[in-house]
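Novice: Chains as they are written, first to last, in this note's numbering: chain A, -9 to 103; chain B, 4 to 115.
Structure provided below as structure tokens; questions to follow.
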Amino acid sequence: DAKTTQPPSMDCAEGRAANLPCNHSTISGNEYVYWYRQIHSQGPQYIIHGLKNNETNEMASLIITEDRKSSTLILPHATLRDTAVYYCIVRSPTQGGSEKLVFGKGMKLTVNP
Amino acid sequence: DAGITQSPRYKITETGRQVTLMCHQTWSHSYMFWYRQDLGHGLRLIYYSAAADITDKGEVSDGYVVSRSKTENFPLTLESATRSQTSVYFCASRGRTLGEQYFGPGTRLTVT
């Protein structure tokens, strides 16, 4: 799986959009980008995933650059409950054997009142 | 209630004892997983199961045993607990697509 790079932390004001970047410059053509988050003391939570088109669901939007070397997760109106560690994960949908997700260190988003 | 549950949520046990962590999901997902989370190591896969009676090792499976006689249950057993197995354990099941996993609330295990 391609390696991802995220900044260690980011702050955002409540009510503003939070734009969380992820670099995955070695991504392969068939690898998807997944985003998860983990709120303190809870299990990780799936947010969204995409291949090359932008995706949107009730939680967030995912913008993937045309060259697919980076992506941005957008929380349109951040709330205090969005404070969490966010993980950007890249993996192939056809990887044989293990279904392992490699979470890495992630990025701590703090939403401030 | 629909979803994925784990029990117990907290457990303290002694070195050498056998302990079983339970995981139950109501979605009838085929794939289920066990991870552990430790400071400095992030989430690591212990075991996973593609279906009832089909299990496979992850990256840190030594000292753990799993079984899956029913689709909805995936218990994890520590045969002889060691202090290094003190951790938070998360169970997960896979949704429609590979990579889309849904996690339980976790079990915090302390081995003394």
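By construction, the Cβ of each residue, glycine as well, lies at the ideal position given by its N, Cα and C atoms.
Between the C-alpha atoms of M97 (chain A) and S(-1) (chain A), what's the straight-line distance to the nearest angstrom?
Specialist: Going from the Cα of M97 (chain A) to the Cα of S(-1) (chain A) covers about 5 angstroms.
Novice: Can you give me the Cβ contacts of R6 (chain A) inside the same chain, cut-off strictly under 7 angstroms, excluding the 5 residues immediately before and after it?
Specialist: Counting only Cβ-Cβ distances below 7 angstroms, and skipping sequence neighbours, we find A68.
Novice: Name the chain B residues that come within less than 9 angstroms of H39 (chain A), Cβ to Cβ?
Specialist: By Cβ distance, chain B contributes T100, G102 and E103.
Novice: I'd like to know if G6 (chain B) contacts chain A, where contact means its C-beta is closer than 8 angstroms to some C-beta of that chain.
Specialist: Output row for G6 (chain B): interface = no.
Novice: For Q88 (chain B), which of helix, strand or coil comes out of DSSP?
Specialist: Looking at Q88 (chain B) - three-state DSSP - the assignment turns out to be helix.
Novice: At a Cβ threshold of 8 angstroms, is L48 (chain B) touching chain A?
Specialist: Output row for L48 (chain B): interface = yes.
Novice: Taking G109 (chain B) as the query, report the chain A residues whose CB atoms sit under 9 angstroms from its CB, ordered along the chain.
Specialist: Here the neighbours are S31, Q32 and G33.
Novice: For the region 70 to 81 of chain A, which residues have a CB atom closer than 9 angstroms to at least one CB atom of chain B, in sequence order?
Specialist: For the region 70 to 81 of chain A, which is checked against every Cβ of chain B, the residues closer than 9 angstroms are Y77, I79 and R81.
Novice: Would you call the region 20 to 30 of chain B and the region 67 to 79 of chain B in contact, with 3 or more CB pairs under 8 angstroms?
Specialist: Touching, yes.
Novice: Take T8 (chain B) and list the residues in its own chain whose beta-carbon comes closer than 7 angstroms to its own, dropping the five residues that flank it on each side.
Specialist: If we look at T8 (chain B) and ignore the five residues flanking it on each side, its Cβ neighbours are H27 and G107.
Novice: Could you give the residue range of the beta strand (DSSP E) that holds S31 (chain A)?
Specialist: Element bounds for S31 (chain A): n/a, residue is neither H nor E.
Novice: Does DSSP put L101 (chain B) in a helix, a strand or coil?
Specialist: In the structure shown, L101 (chain B) sits in coil (DSSP, three-state: anything other than H, G, I, E or B).
Novice: If you reduce the DSSP assignment to three classes, tell me which class L52 (chain A) lands in.
Specialist: Three-state DSSP puts L52 (chain A) in a strand.
Novice: Taking the CB atoms as reference points, tell me whether S18 (chain A) and S82 (chain A) lie closer together than 8 angstroms.
Specialist: Cβ distance < 8 angstroms, so S18 (chain A) and S82 (chain A) count as in contact.
Novice: According to DSSP, is D72 (chain A) part of a helix, a strand, or is it coil?
Specialist: Residue state, collapsed to three classes: helix.
Novice: Measure from the alpha carbon of Y77 (chain A) to the alpha carbon of each residue in A:L70, A:E45 and A:L99, then state which is nearest.
Specialist: Nearest option by C-alpha distance: A:L99.
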